[in-house]
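In order, the protein sequence lines correspond to chains A and B. Basically the working numbering = 1-based index in the first sequence + 1. No gaps in the numbering here: position 63 of the second sequence is 51 in the working numbering, and each next residue is one more. Each residue gets a CB set at the ideal place from its N, CA and C atoms; glycine is no exception. Okay, structure first, notes after.
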Amino acid sequence: MKNKTFRNMLIPAIIALIAIIVPTLLIKLAVIDEYTAQIITLGGINAIMALSVNMICGITGQLSLGQAGFMAIGAYSTILLTESAHIPLPLAVILAAIITAIFGFIIGFPTLKLEGDYLAIVTLGFGEIIRVVLVNLKDITGGPNGKQFNTILTFDPTIAYVVIIGALITLIIFLQNFIRSTYGRAILAVREDEIAANSAGVGVFKYKMLGFIVASIVAGIGGALYVCFIGFIKPDQASFNKSIDYLIFVVLGGMGSTTGSVLAAFVLTYLQEFLRILQDYRMLLYPVVLILVMIFRPQGLLGTKEMNFVKTFDKLRGFIAKKIGGEKEDGK
Amino acid sequence: MENKLRLQATGISIVFGGLRAVSDFSCDLFDGELVGLIGPNGAGKTTVFNMLSGIYTPTSGQITFWDKDDKACVINKKSPSQLNRLGIARTFQNIRLFGSLSVRDNVKIALHQSRNVNFFDVLFRTPRFRLDEKSMNEKAEQLLSLFKIDNKSNELAKNLPYGEQRKLEIVRALASNPRLLLLDEPAAGMNPQETEDLMNLIAFIRKEFKLTILLIEHDMRLVMGICEKIMVLDYGKTIAVGKPDEIKTNPLVIKAYLGQEAADA
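Structure, rendered in structure tokens:
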């Protein structure tokens, strides 16, 4: 039993380390050029945003169209904390996440009593409010021209990759642990059936709120890392269009599937760049891909399935063992 | 055994717009009793259940419940989840399971009140978290085995056959360790054999868990077979309360079900 627990932790840990170390070396050795490295890293940030949207839309079951608003709060908070308050960057990112959580609580309090479409409209309005406020608070935010914010992540693609993919993997682990706990199950129960959840002793509002706050924390971290990496942010980052972009990752990958959301975020980020060779036609192809997926797989590419590294490993080992065993028999 | 009150409703009424769905409903449920609530369609049985379980707030009247520590509390304005914590659990007429979650998770959700882990344990999967999960899994498994559906604990709840979905709902209700169990048409859609099994099962869990049970049922064989006391509702009013034999011959009840002529006959 003890060994099994250890093994179940070891396999994902090794895979996580490989996912960080191998590309880092490749970037360092210039096998992966800086441009591609940047796209992968940007994919990582998009994946963090997809995790956030998946948390609120897929797991909690509440349609939010304002996640980009939370992202912008995270980003601008980071800038303010480091530039005005001179807080070291790593601490500033964590504080930015907490600030975003507070915003999540304030927004969630009146709105989570609403359901479905109404919540979507309110969160949409929230994103726009954030954008307008950011445009008009010129002294603090730099207004519509945005704000420059250069950090070590902006200049060094290797460090950027390690930090951002590292953050992504940490978030995935924490979120998966969270979802597969009493808290996560209560949130899923609310998604499945509010009345039944309530009668089974799950405080519906409390757990909706928890899901909403967790989602906003993740978005805040995404925003903080985004601004550190890109080195620039403007209020448009909080706009409705951006929120929709992140929602698309989740819808395409599979609502409620962490694996699907993360994969879709990377694939679509790369696709957008890859399609640049088609020039303006890429604007045509991208939606066509979306439409095709929605027609042929409306539940998203992975549905609600999750990939389990330990199980995959066991299957692979079984498969190889069978192959080798088979060959031995042939040899006889 | 039957002298301690578990739940007392006095004169509860509920009005929806101009409709008085339930008027002046009173009942005393004693500890360990098995009471049936019957009545023709639309009589207000489920509305009574919804008031007792906190889904509706009565317009007037008072409901008192003696909780897990046998403390009396007025529960009129409490939410369903608060009532669940006090010790009232229920099932639904139209099954409400967490369909795309596994059977085991359905039960574990109802067990979540008894968790003793904090956020830190959850994020880092500490030994305490593992221990807590393990004991929850065992508890869920044990409850499921009482109903002989423990071999399906990994299946999705929505993929269970109808009868087993009903059973799972009862298991989920039991998992929160209630004192009062409200069963809304537990035998609906079951064949005679399944109903028979269910009767035995209800009698069994009542003894095993020392429960007070109030059930709504249209299957008279089940109601008359296991209930000690029956309440009859018609048009939102209680028209009769008594032992099964008294109810069978009560002219008001016959009139409600079959009409005036049958009552005269």
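Across the structure, residue -4/B and residue 135/B are spaced so that their CA atoms are roughly 30 Å apart.
Secondary structure at residue 112/A: helix, using DSSP grouped into helix, strand and coil. For the 8 Å CB-CB criterion, residue 172/A and residue 215/A do not form a contact. If you look at residue 217/B, you'll find it in the beta strand (DSSP E) that goes 217 to 222.
Between the alpha carbons of residue 177/A and residue 234/B lies a gap of roughly 58 Å. Under a criterion of Cβ atoms nearer than 7 Å, the residues of chain A adjacent to residue 84/B are, in order, 194, 196 and 197. With contacts defined as CB atoms closer than 8 Å, residue 225/A and residue 79/A qualify as a contacting pair. Residue 95/B: member of the alpha helix (DSSP H) spanning 91 to 98, first to last residue. Residue environment for residue 308/A: exposed (fewer than 16 other C-beta atoms within 10 angstroms of its C-beta).
Under a 10 Å Cβ-count criterion, residue -2/B is classified as exposed, with fewer than 16 other Cβ atoms of the shown protein chains found around its own Cβ.
The Cβ-Cβ distance between residue 142/B and residue 90/B falls below 8 Å. Contact annotation for residue 59/A against chain B: no contact, minimum CB-CB distance about 11 Å [criterion: below 8 Å]. It is roughly 28 Å from the alpha-carbon of residue 209/A to the alpha-carbon of residue 132/B. Around the beta-carbon of residue 284/A, fewer than 16 other beta-carbon atoms lie within 10 Å, marking it exposed. Counting only residues of its own chain and dropping the five nearest sequence neighbours on each side, residue 101/B has a CB closer than 7 Å to the CB of 73 and 164.
Note on geometry: alpha-carbon atoms of residue 218/B and residue -8/B lie some 18 Å from one another. Residue 214/A: member of the alpha helix (DSSP H) spanning 205 to 231, first to last residue.
Against chain A, a Cβ distance below 8 Å from residue -3/B picks out nothing, because the smallest value is about 18 Å. Of all residues in the stretch 1 to 15 of chain B, none places a beta-carbon less than 9 Å from a beta-carbon of chain A. For residue 159/B, the nearest beta carbon of chain A is not closer than 8 Å to its own beta carbon. Across the structure, residue 278/A and residue 287/A are spaced so that their CA atoms are roughly 13 Å apart. Considered as a whole, the stretch 270 to 316 of chain A harbours 283 to 297 as its complete alpha helix (DSSP H) runs of no fewer than 4 residues, in chain order.
Near chain A, meaning a CB-to-CB distance below 9 Å, the residues of the stretch 32 to 53 of chain B are 41, 42 and 43. Scanning its chain for C-beta atoms nearer than 6 Å, with the 5 sequence neighbours on each side dropped, one finds around residue 294/A the residues 253, in chain order. Residue contact check for residue 200/A against chain B: a CB pair falls below 8 Å.
Three or more Cβ pairs drawn from the stretch 213 to 231 of chain B and the stretch 23 to 38 of chain B lie within less than 8 Å of each other, which places the two stretches in contact. The three-state reading of DSSP puts residue 151/B in helix, counting H, G and I together. Its Cα nearest to that of residue 176/B, the residue 152/B stands out among 225/B, 168/B and 152/B. Cβ-Cβ distances below 7 Å link residue 194/B to 22 and 201 in the same chain, with the five nearest sequence neighbours on each side left out; the list follows chain order. When DSSP states are grouped into helix, strand and coil, residue 107/B belongs to the helix group. About 11 Å separates the CB atoms of residue 157/B and residue 86/B; that is not less than 8 Å, and the two are not in contact. Taking 9 Å as the Cβ-Cβ cut-off, the stretch 301 to 313 of chain A approaches chain B at 305, given in chain order.
For residue 151/B, there are no C-beta contacts with chain A under 8 Å, since the nearest C-beta of that chain is about 18 Å from it.
For residue 209/B, no beta strand (DSSP E) encloses it; the enclosing alpha helix (DSSP H) starts and ends at 208 to 214. Residue-level contact by beta carbon holds for residue 6/A and chain B, with a gap shorter than 8 Å.
Distances from the alpha-carbon of residue 261/A to those of 32/A, 300/A and 274/A put 300/A closest.
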